[in-house]
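**Q**
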Amino acid sequence: MAQATETFYEVIRRQGITRRSFNRFCSLTAASLGLAPAVAPQIAHALETRPRLPIIWMHGLECTCCSESFIRSAHPLAKDVVLSMISLDYDDTIMAAAGHQAEAILDEIRTKYKGGYVLAVEGNPPLNEDGMYCIDGGRPFVEKLKAMAADAQVVVAWGSCASWGCVQAAKPNPTNAVPIDKVIRDKPVIKVPGCPPIAEVMTGVITFITTFGRLPELDRQGRPKMFYSQRIHDKCYRRGHFDAGQFVEEWDDDGARRGYCLYKMGCRGPTTYNACSTVRWNDGVSFPIQSGHGCIGCSEDGFWDNGPFYDRLSNIRQFSIDANADLVGGTVAGVVGAAVVAHAAVTAVTRLTKKR
Amino acid sequence: MSGATETPESGRFRGVVDLAGVRTGRGPTIYVYEAPVRVWHWVNALCVAVLIVTGFLIGSPPPTVTGEASAHFQFGYIRFIHFAAGEVLTVFFLMRIYWAFVGNRHARQIFYLPIWSGTWWKGVIWEAKWYLFLTPEPKKYVAHNPLAHISMFFTVTLGTIGMIISGFALYSEGAGRDSWQAKLFGWVFTIFPNAQDVHTWHHLGMWVIVTFTILHVYAAVREEIMSRQTMIATMISGERQFRDDRDD
Chain A
-9 MAQATETFYE
1 VIRRQGITRR
11 SFNRFCSLTA
21 ASLGLAPAVA
31 PQIAHALETR
41 PRLPIIWMHG
51 LECTCCSESF
61 IRSAHPLAKD
71 VVLSMISLDY
81 DDTIMAAAGH
91 QAEAILDEIR
101 TKYKGGYVLA
111 VEGNPPLNED
121 GMYCIDGGRP
131 FVEKLKAMAA
141 DAQVVVAWGS
151 CASWGCVQAA
161 KPNPTNAVPI
171 DKVIRDKPVI
181 KVPGCPPIAE
191 VMTGVITFIT
201 TFGRLPELDR
211 QGRPKMFYSQ
221 RIHDKCYRRG
231 HFDAGQFVEE
241 WDDDGARRGY
251 CLYKMGCRGP
261 TTYNACSTVR
271 WNDGVSFPIQ
281 SGHGCIGCSE
291 DGFWDNGPFY
301 DRLSNIRQFS
311 IDANADLVGG
321 TVAGVVGAAV
331 VAHAAVTAVT
341 RLTKKR
Chain B
30 MSGATETPES
40 GRFRGVVDLA
50 GVRTGRGPTI
60 YVYEAPVRVW
70 HWVNALCVAV
80 LIVTGFLIGS
90 PPPTVTGEAS
100 AHFQFGYIRF
110 IHFAAGEVLT
120 VFFLMRIYWA
130 FVGNRHARQI
140 FYLPIWSGTW
150 WKGVIWEAKW
160 YLFLTPEPKK
170 YVAHNPLAHI
180 SMFFTVTLGT
190 IGMIISGFAL
200 YSEGAGRDSW
210 QAKLFGWVFT
220 IFPNAQDVHT
230 WHHLGMWVIV
240 TFTILHVYAA
250 VREEIMSRQT
260 MIATMISGER
270 QFRDDRDD
C-alpha cells in the first residue's frame, strides 16, 4: 500500500522526472481536458500540494473490460495514474493481497479516510434473491457496495454496467441487475459509460478529480460533460457523406470501400454520446466507424435492447417478434386503410340499396 | 337534401340549370371556424404532409448518391425541410393555442374532452352507431361530432404536442447542449436516457398521424356526402350549412 499522504509531485520527482517534464505534463493534461493554458499552473500547484487520492476499485457483475481498457491509457499512461497520481488501495483483480488480507484493506480505508476516498465501481449489483447472484468476499456484492459507498466522498460508475446496467440488465434481466445509482442514492455518482469506456476518458476523469479536488461538470445523465456532451455523429469524420446522402448500403459494396456513412447499416452514432470520434482508441489509432463498422451505441442506456445493431430502426421491445416502428405503424395504417375502404364500400352499397 | 328547394316562382338570378324555376334555398348557416383556425388547419395539413414524407426518408434514406461528397447535400436538405416544416408547424400550433383563448368557443373544442357531460357521451355512442350502420341518420353538430372530437383531442392536440416535444428534443441533440431547444426540451432525455428510444417513439408518432390522416380524410368526405351538414366546405369558408330544419 502506498503512502496516501505523499503528493503526486513528490512521487514524480522521486521517480527521476524533471521539473520541466512535470510542467509539460501539466500543460498537456490541461489541453486534453479542454482547459485554458492558464489552468496548467493550477494543475501543477494541485499536484504539488494535494495528497494522493485513495481509490477503492470494486467489481460487481462485469467482464473486466473496463479494467482492460484502463490499463491501455496512453495520456496519461495507466502506470502513471496507478503508481503516481492516485493511491489505488483496493482492486481485487490486480492487487497483490487476497482473501482476508484484501478485505481488511476495505475496512481500514473506510475508517482512515472516512468521507475522503473515491469509490470506483466496475459492474453492477444484482438484486434478485437478496443479491445472491454476485457473491464477493463471502457476501452479496450489493451489501459491500452500499457499505463502501456510505463513507465515500464520490462514486465513479465505470462503464455501461455500473452506469446503465448493460448486458446483464438487458431484457429479461433474470438477476435484476441494476445500475449503481439505483442503490447509491446519497452520494454523487459520476457515470463514465461505455462498453468499455475509452481509456483516456477514464484516466481523464481521474486526473480531473485528483487535480481539482471536485467533480467535473456533469450532464443531465450524470456523465462528465467534457467527454459526453456531443454525439459520435457530431464529430464523425464521415459526417460529410451523411449530409451528402452517401451511405453504405451493404457490407463490401462500393460505398463501404469509399468509406461512406454507415447510417443505413444501423450506425448508432447519431444517438450515442461518447468521445470515440475525437479521442479514439488505443492511443488514437482508430475507432469502430473508422474501421468500417457502425457504432453500436455501447455507452447508451439499454443499448442491448435497442437492436438490431445493423438496422437504422430499433425493434420495439414490447413485441415478441422482431418489429420496428415502420412494421408496427405500417401494419396499423394498412389495416385502418383497408377498414376504411371496406367501410366506404358498405356505405355505398347501403345507400344504393336504400334508394331503390 | 341538396340545399336547393323547388319553388314555382322564378328566381332573380338564373343559371342554365335554374331555367325550370329552381331557386336557391336558405338553409340555416352558422359561422363555426374563424379564419385563424382555418389557416392553421391547412398550414398544419401541409406541414404534416411534408413532415411525414421527409420523416420517413430520415428513417429510411433514399439510395446513395455517387460522386464527391462536397457536390451533394441531399440528406442535409431532407433534414432541413423536415426541421423547417416542424418549426412552421410549431409556430402555427402556438398561434392556434392562443386563438383557443381569444377565438370563439369552437376554437377551444379540440383542447379538452367534456367527459363529465352525459349528453356528450350519448353523442359518442350515437355517432359510433352511425359509423356501425346501426342508426339511419347522424345527429347535427355545430362543430366536431363527439367521435371526431375524441380523435381530434388525442391525435391532433396530444399527438402534435408529443411530436413537437420529441421533435425538438431530437433536434437539440444536433443543436447542442447549450441550445434553447436543449434547455426547453432536454428533460425528455431524463425520461428516455437513450435518444434512440425517442427516435422510435417519434417514428411511431408519425404512423399515428398517418393513420389519423386516413381516417380523417375518409370521415370528412363521407360526412360531406352523408351527414346533415357541410364538412369540407366548412373548413374552407368557415360556415356550416345544415341541410334540414329538423331538430338535432
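The listed protein sequences derive, respectively, from chains A and B. If you read the first sequence in the working numbering, its first letter stands for residue -9, the second for the next number, and so on. If you read the second sequence in the working numbering, its first letter stands for residue 30, the second for the next number, and so on. A virtual CB, placed ideally from N, CA and C, is assigned to each residue, including glycine.
#1: A:P41 by DSSP, collapsed to three states: which one?
#2: With a threshold of 8 Å, are at least 3 pairs of Cβ atoms found where one atom belongs to the segment 260 to 267 of chain B and the other to the segment 61 to 75 of chain B?
#3: Of all the alpha helix (DSSP H) runs that stay within the bounds of the segment 1 to 47 of chain A, which reach a length of 4 or more residues?
#4: By the DSSP assignment, the beta strand (DSSP E) with A:I174 in it spans what residues?
#5: Determine the closest residue to A:S276 out of A:Y227, A:A160, A:Y218, A:I2, with distance taken between C-alpha atoms.
#6: Is the beta carbon of A:I95 sitting closer than 8 Å to the one on A:A86?
#7: Kindly give me the distance between the Cβ atoms of A:N264 and A:I222, rounded to whole angstroms, as I take these residues to be in contact under 8 Å.
#8: Within the continuous alpha helix (DSSP H) that includes B:Y247, where are the two ends?
#9: Sorted by chain position, which residues of the same chain lie with C-beta nearer than 7 Å to B:G115's C-beta, five sequence neighbours on each side aside?
#10: Going straight from the alpha carbon of A:W294 to that of B:V61, what length do you get?
#11: Specify the secondary structure class of B:V61 as computed by DSSP and reduced to three states.
#12: Between A:A189, A:A139, A:G194, which lies nearest to A:V173 when the distance is taken from Cα to Cα?
#13: Using only the alpha-carbon positions, how far apart do A:L18 and B:V120 sit?
#14: Residues of chain A with CB closer than 8 Å to the CB of B:F112, please, in chain order.
#15: Is the separation between the beta-carbon of B:R272 and that of B:R257 shorter than 8 Å?
#16: Give me the residue from A:F60, A:V157, A:I311, A:V111 with the minimum Cα distance to A:E290.
#17: Any idea if B:G205 is buried or exposed, counting beta-carbon neighbours within 10 angstroms, 16 or more meaning buried?
#18: Assuming A:C288 contacts A:G184 (C-beta within less than 8 Å), just tell me the rounded distance between them.
#19: Report yes if the C-beta distance between A:I279 and A:L252 is below 8 Å; otherwise report no.
#20: What residues from chain B crowd round A:S281, counting only those whose CB sits closer than 9 Å?
#21: Mind pulling the chain B residues with CB within less than 8 Å of A:G203?
#22: Less than 8 Å between the C-beta atoms of A:P116 and A:L23, yes or no?
#23: Give a yes or no on whether the minimum CB-CB distance between B:Y247 and chain A is below 8 Å.
#24: Based on DSSP bridge pairs, tell me the residues matched to B:E268.
#25: To the nearest angstrom, how far is it from the Cα of A:G282 to the Cα of B:V239?
#26: For the candidate residues A:R40, A:N13, A:P41, A:T39, whose alpha-carbon lies nearest to that of A:A28?
#27: Looking at the C-beta of B:S31, does it have a partner C-beta in chain A at a distance below 8 Å?
#28: Should B:E116 be flagged as near chain A, meaning a C-beta pair shorter than 8 Å?
#29: Suppose contacts are defined by Cβ-Cβ distances below 8 Å. Is A:A189 in contact with A:R62 by that definition?
#30: Hey, B:I243 and B:M181: beta-carbon distance below 8 Å or not?
#31: Which class does B:P285 belong to by DSSP, given the choice of helix, strand or coil?
#32: Which chain A residues sit within Cβ distance under 7 Å of B:M192?
#33: Just to make sure I have the definition right: I need the residues of chain A whose C-beta is within less than 8 Å of the C-beta of B:Q258. Which are they?
**A** Here's the rundown:
#1: Sequence index remark: in the first sequence, residue 41 of chain A carries index 51 (1-based). Reduced to three states, the DSSP call for A:P41 is strand.
#2: yes
#3: 9 to 22, 30 to 39
#4: Within the first sequence, numbered from 1, the residue matching residue 174 of chain A stands at position 184. It is not in any beta strand (DSSP E) - A:I174 carries neither H nor E in the DSSP assignment.
#5: Here residue 276 of chain A refers to the residue found at position 286 when the first sequence is read from its first residue. Cα-wise, what sits closest to A:S276 is A:Y227.
#6: Looking up residue 95 of chain A in the first sequence gives position 105. Looking up residue 86 of chain A in the first sequence gives position 96. No, these two residues do not count as a Cβ contact at 8 Å.
#7: Position 274 of the first sequence holds residue 264 of chain A. Position 232 of the first sequence holds residue 222 of chain A. About 6 Å; that satisfies the 8 Å criterion.
#8: As a position in the second sequence, residue 247 of chain B is number 218, starting the count at 1. From DSSP, the alpha helix (DSSP H) with B:Y247 extends over 224 to 255.
#9: Within the second sequence, residue 115 of chain B is the residue found at index 86, counting from 1. L80, G196, listed in sequence order.
#10: Here the question's residue 294 of chain A lines up with position 304 in the first sequence. Here the question's residue 61 of chain B lines up with position 32 in the second sequence. Each residue's alpha carbon lies about 52 Å from the other.
#11: Walking along the second sequence from the start, residue 61 of chain B turns up at place 32. Note: B:V61 maps to coil in three-state DSSP.
#12: Here residue 173 of chain A refers to the residue found at position 183 when the first sequence is read from its first residue. Out of A:A189, A:A139, A:G194, A:A139 has the C-alpha closest to the C-alpha of A:V173.
#13: In the first sequence, residue 18 of chain A corresponds to position 28, counting from 1. In the second sequence, residue 120 of chain B corresponds to position 91, counting from 1. Each residue's alpha carbon lies about 47 Å from the other.
#14: For this step, residue 112 of chain B is matched to residue 83 along the second sequence. What B:F112 touches in chain A: nothing, since even the nearest Cβ is about 13 Å away.
#15: Residue numbering aside, residue 272 of chain B sits at position 243 when the second sequence is read from its first letter. Residue numbering aside, residue 257 of chain B sits at position 228 when the second sequence is read from its first letter. Yes, the pair counts as a contact, with Cβ atoms nearer than the cut-off.
#16: Indexing the first sequence from 1 puts residue 290 of chain A at position 300. It is A:V157.
#17: The count along the second sequence starts at 1 and reaches residue 205 of chain B at position 176. Exposed: under 16 other Cβ atoms inside 10 Å.
#18: On the first sequence, position 298 is the one that residue 288 of chain A refers to. On the first sequence, position 194 is the one that residue 184 of chain A refers to. That pair is a contact at about 6 Å.
#19: Position 289 of the first sequence, counting from 1, holds the residue named residue 279 of chain A. Position 262 of the first sequence, counting from 1, holds the residue named residue 252 of chain A. Yes, the Cβ-Cβ distance between A:I279 and A:L252 is below 8 Å.
#20: One-based indexing of the first sequence puts residue 281 of chain A at position 291. In chain order: nothing, as chain B lies at least about 20 Å away.
#21: Taking the first sequence and counting its residues from 1, one reaches residue 203 of chain A at position 213. Within 8 Å Cβ-Cβ: nothing; A:G203 doesn't reach chain B, min ~25 Å.
#22: Here residue 116 of chain A refers to the residue found at position 126 when the first sequence is read from its first residue. Here residue 23 of chain A refers to the residue found at position 33 when the first sequence is read from its first residue. Taking 8 Å as the Cβ cut-off, A:P116 and A:L23 do not qualify as a contacting pair.
#23: Here the question's residue 247 of chain B lines up with position 218 in the second sequence. Taking Cβ atoms only, chain A reaches closer than 8 Å to B:Y247, which makes this a yes.
#24: Here residue 268 of chain B refers to the residue found at position 239 when the second sequence is read from its first residue. DSSP lists B:Y60 as partners of B:E268.
#25: Numbered from its first residue, the first sequence carries residue 282 of chain A at position 292. Numbered from its first residue, the second sequence carries residue 239 of chain B at position 210. Rounded to whole angstroms, A:G282 to B:V239 spans 36 Å at the Cα level.
#26: Here residue 28 of chain A is taken as the residue at index 38 of the first sequence, counted from 1. For the residues A:R40, A:N13, A:P41, A:T39, the minimum Cα distance to A:A28 belongs to A:N13.
#27: To locate residue 31 of chain B, count along the second sequence from 1; it is residue 2. Since pLDDT at B:S31 reaches only 45, below the 50 mark, its modelled position is unreliable, and the value read off the structure follows with that caveat. No - not a single Cβ of chain A is within 8 Å of the one on B:S31.
#28: Translated into the one-based positions of the second sequence, residue 116 of chain B becomes position 87. So, not an interface residue.
#29: Position 199 of the first sequence, counting from 1, holds the residue named residue 189 of chain A. Position 72 of the first sequence, counting from 1, holds the residue named residue 62 of chain A. Yes, the Cβ-Cβ distance between A:A189 and A:R62 is below 8 Å.
#30: One-based indexing of the second sequence puts residue 243 of chain B at position 214. One-based indexing of the second sequence puts residue 181 of chain B at position 152. No.
#31: Nothing in the structure corresponds to residue 285 of chain B, since chain B is present only between 30 and 277.
#32: Here residue 192 of chain B is taken as the residue at index 163 of the second sequence, counted from 1. None at all; the shortest Cβ gap to chain A is about 13 Å.
#33: As a working mapping, residue 258 of chain B is identified with position 229 in the second sequence. Going along chain A, no residue has its Cβ under 8 Å from B:Q258, so there is no contact; the nearest lies around 17 Å.
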